[in-house]
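No gaps in the numbering here: position 48 of the sequence shown is 51 in our numbering, and each next residue is one more. Cβ coordinates follow ideal geometry from the N, Cα and C atoms, glycine included.
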Amino acid sequence: MAKKKSRIYWRDQGGVKRAYVDLRDLGGGRKALKVKGEKRGTTDPDIAAELAARRVKELEGQKRRKVILGVERVEGLKTFTAQHLLQKAKGGKVTIGWLEAAEYHLREAIAFFGENRDVASITTADAQRYANHLQTVSNGRKGTLAASSQRHYLNSLSNLYRRAQSEGLVGPGYNPVAALMEKPSGKPAEASWLEPHEAALLLESARTYRPDPDAHAGPLYPLLAVMLLTGGRTSEVLGLEVDDVSFQRRTITFRPNDWRRLKTLTSHRSVPLWPQLEAILRSYFADKEREGGLGRLLFPSPVMHSESLITDFRKGLDAVAKRAGWEKGEVRSKAFRHTYCAARLQTLDRGAPVSPYTVGRELGHGGTAMVQRVYGHLGQVRDRSEVVEYQIENHREALADRLTALEKLTT
Numbered sequence: 004m005a006k007k008k009s010r011i012y013w014r015d016q017g018g019v020k021r022a023y024v025d026l027r028d029l030g031g032g033r034k035a036l037k038v039k040g041e042k043r044g045t046t047d048p049d050i051a052a053e054l055a056a057r058r059v060k061e062l063e064g065q066k067r068r069k070v071i072l073g074v075e076r077v078e079g080l081k082t083f084t085a086q087h088l089l090q091k092a093k094g095g096k097v098t099i100g101w102l103e104a105a106e107y108h109l110r111e112a113i114a115f116f117g118e119n120r121d122v123a124s125i126t127t128a129d130a131q132r133y134a135n136h137l138q139t140v141s142n143g144r145k146g147t148l149a150a151s152s153q154r155h156y157l158n159s160l161s162n163l164y165r166r167a168q169s170e171g172l173v174g175p176g177y178n179p180v181a182a183l184m185e186k187p188s189g190k191p192a193e194a195s196w197l198e199p200h201e202a203a204l205l206l207e208s209a210r211t212y213r214p215d216p217d218a219h220a221g222p223l224y225p226l227l228a229v230m231l232l233t234g235g236r237t238s239e240v241l242g243l244e245v246d247d248v249s250f251q252r253r254t255i256t257f258r259p260n261d262w263r264r265l266k267t268l269t270s271h272r273s274v275p276l277w278p279q280l281e282a283i284l285r286s287y288f289a290d291k292e293r294e295g296g297l298g299r300l301l302f303p304s305p306v307m308h309s310e311s312l313i314t315d316f317r318k319g320l321d322a323v324a325k326r327a328g329w330e331k332g333e334v335r336s337k338a339f340r341h342t343y344c345a346a347r348l349q350t351l352d353r354g355a356p357v358s359p360y361t362v363g364r365e366l367g368h369g370g371t372a373m374v375q376r377v378y379g380h381l382g383q384v385r386d387r388s389e390v391v392e393y394q395i396e397n398h399r400e401a402l403a404d405r406l407t408a409l410e411k412l413t414t
């Protein structure tokens, strides 16, 4: 039996033999076998063999696609990512925030696989190596990505492969991410939330907080008040418009707009404008009028020249929380939605305990399941009231030392 001729051959260049590969039978021509970052072919036989095998695999995959799918189109990962995000934007079903997050996630995939890597050549084994790599990626806070964040990165890549299927770049059902046996996911645990007296203390800290002029802290007091007293998701509250607040009907309406979409169909809803929040927002509106008037957004970004959404207020929240005795990072806006639900479940509706269905609708859910399974928390303070409120005067005895410490900081 005749020995199969090697595709690899060597050329003498200045007294050094460098590797080349002949792929003309696969439509790839002749080319130097170069390691990434190098300008000339490798001198290592083992590396040459590995590089040649990878290129053969890519070309054979393209050949199979041509036979099976009848397409010859080959797309590099970077180019196809740009096309994918452009089509997502044109579809109008995702927000700018979603696009920015997806672009950020896919940028990591491009850096890992290479910008010219053929989309169809990425296998499930490659996706597993990428998943392992994500465990080492920095989160920007002296740590690595949490499991839930890793999942977001993988989901963005998986979504790209759904488009690759629709455009015939890969076979129907081909998705190396979806085929992974184990995917990272956050550990289920009871979410953090605040008792009514803790929420009152946080709001009091925000009310008396005076940031440095160059801190760009934004309207933290009314912003936190809206989150704690409506149960709105962070993106929903940040995207509220001035017209969504009705003092006449005493409601705040969450509806889709140009700034952001809503999570589900049932997310379009109106919630009560509780007396405490009404007083805070009336004062906020009056202050804004004195400063030159209100725009469209209820809480516009303090750092942008044109009206735009606030993208991150964690530094301001940390500053407010630290004044009230919490550690940095201990209080996050996700807890406010849970706080509202727990407080609302303790209120009365026309003299009777409020229905979990009513609370679910105010949170934007279609039923009671999420209230009972996720958002409902049984606290130590269970005062039945007609309204949701976190008045500091009602909790001075429970707060004691923490409130004294806060008053010292204020004075």
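Range of the contiguous alpha helix (DSSP H) that encloses residue i
| i | result |
| --- | --- |
| P359 | P359 to E365 |
| R3 | Because the chain is modelled from 4 through 414, residue 3 falls outside the range shown and cannot be assessed. |
| N135 | T127 to L137 |
| G100 | I99 to F116 |
| E201 | P199 to T211 |
| T371 | Segment: none, T371 is in no alpha helix (DSSP H) and carries neither H nor E. |
| Y224 | L223 to T233 |
| T82 | L80 to G94 |
Extent of the continuous beta strand (DSSP E) to which residue i belongs
| i | result |
| --- | --- |
| A327 | No beta strand (DSSP E) contains A327, which DSSP labels as neither H nor E. |
| A34 | It is worth fixing the name first, because residue 34 is Lys in this sequence and not Ala. Looking at the DSSP string, the run of the beta strand (DSSP E) that includes K34 is G32 to A35. |
| T237 | Taken as a continuous stretch (DSSP letters only), T237 belongs to no beta strand (DSSP E), being part of the alpha helix (DSSP H) at T237 to L241. |
| I255 | T254 to F257 |
| D404 | Looking at the DSSP string, D404 is not in any beta strand (DSSP E); the run it does join, the alpha helix (DSSP H), is D404 to T413. |
| Q16 | I11 to Q16 |
Three-state class that DSSP yields for residue i in the structure shown
| i | result |
| --- | --- |
| E41 | coil |
| M4 | At M4 the pLDDT is 47, less than 50, meaning the model places this residue with poor confidence and gives no usable figure here. |
| Q415 | No answer is possible for residue 415: it lies beyond the span of the chain, which begins at 4 and ends at 414. |
| D47 | coil |
| R416 | This structure cannot speak to residue 416, because the chain is shown only from 4 to 414. |
| V24 | strand |
| P303 | strand |
| Q275 | First, the amino acid is wrong: residue 275 is Pro here, not Gln. The answer is strand: DSSP assigns P275 an E or B state. |
| V415 | Given a span of 4 to 414 for the chain in the structure shown, any question on residue 415 remains unanswerable. |
| T314 | coil |
| S388 | strand |
| D215 | coil |
| D290 | helix |
| D261 | coil |
| V19 | strand |
| S161 | helix |
| T267 | coil |
| S141 | strand |
Integer-rounded CB distance, given that residue j should sit under 8 Å from residue i
| i | j | result |
| --- | --- | --- |
| K325 | K331 | 6 Å |
| K81 | E118 | 4 Å |
| P199 | H368 | In fact, because the Cβ distance is near 22 Å, the residues do not count as touching under 8 Å. |
| A228 | L280 | 6 Å |
| A327 | R405 | 6 Å |
Classification of residue i by the beta-carbon crowding that lies within 10 angstroms, buried from 16 upward
| i | result |
| --- | --- |
| F250 | exposed |
| G234 | buried |
| S336 | buried |
| M4 | The predicted model places M4 with a pLDDT of 47, which falls under 50 and marks its position as unreliable; any figure quoted below should be read in that light. Flag for M4 reads exposed. |
| V306 | exposed |
| L412 | exposed |
| Q153 | buried |
| E201 | buried |
| P359 | buried |
| I283 | buried |
| A338 | buried |
| G44 | buried |
| P179 | buried |
| M230 | buried |
| P225 | buried |
| V19 | exposed |
Within-8 Å CB hit, residue i to chain B
| i | result |
| --- | --- |
| S188 | In the structure shown, chain B does not exist; there is a single protein chain. |
Would you check if there are 3 or more beta carbon pairs closer than 8 Å linking the stretch 383 to 402 to the stretch 241 to 259? no
Okay, do the stretch 309 to 318 and the stretch 168 to 180 touch, 3+ Cβ pairs below 8 Å being the bar? no
Quick test of the definition: if touching needs 3 or more C-beta pairs under 8 Å, does the stretch 392 to 408 touch the stretch 197 to 206? yes
Are at least three pairs of beta-carbons, each pair with one atom in the stretch 100 to 115 and one in the stretch 157 to 168, less than 8 Å apart? yes
Would you check if the stretch 269 to 284 and the stretch 356 to 368 touch, i.e. whether three or more CB-CB distances between them fall below 8 Å? yes
contact_flag[the stretch 292 to 309, the stretch 123 to 141] where n(CB pairs < 8 Å) is 3 or more: no
If you pair each beta-carbon of the stretch 81 to 92 with each one of the stretch 34 to 52, do three or more pairs fall below 8 Å? no
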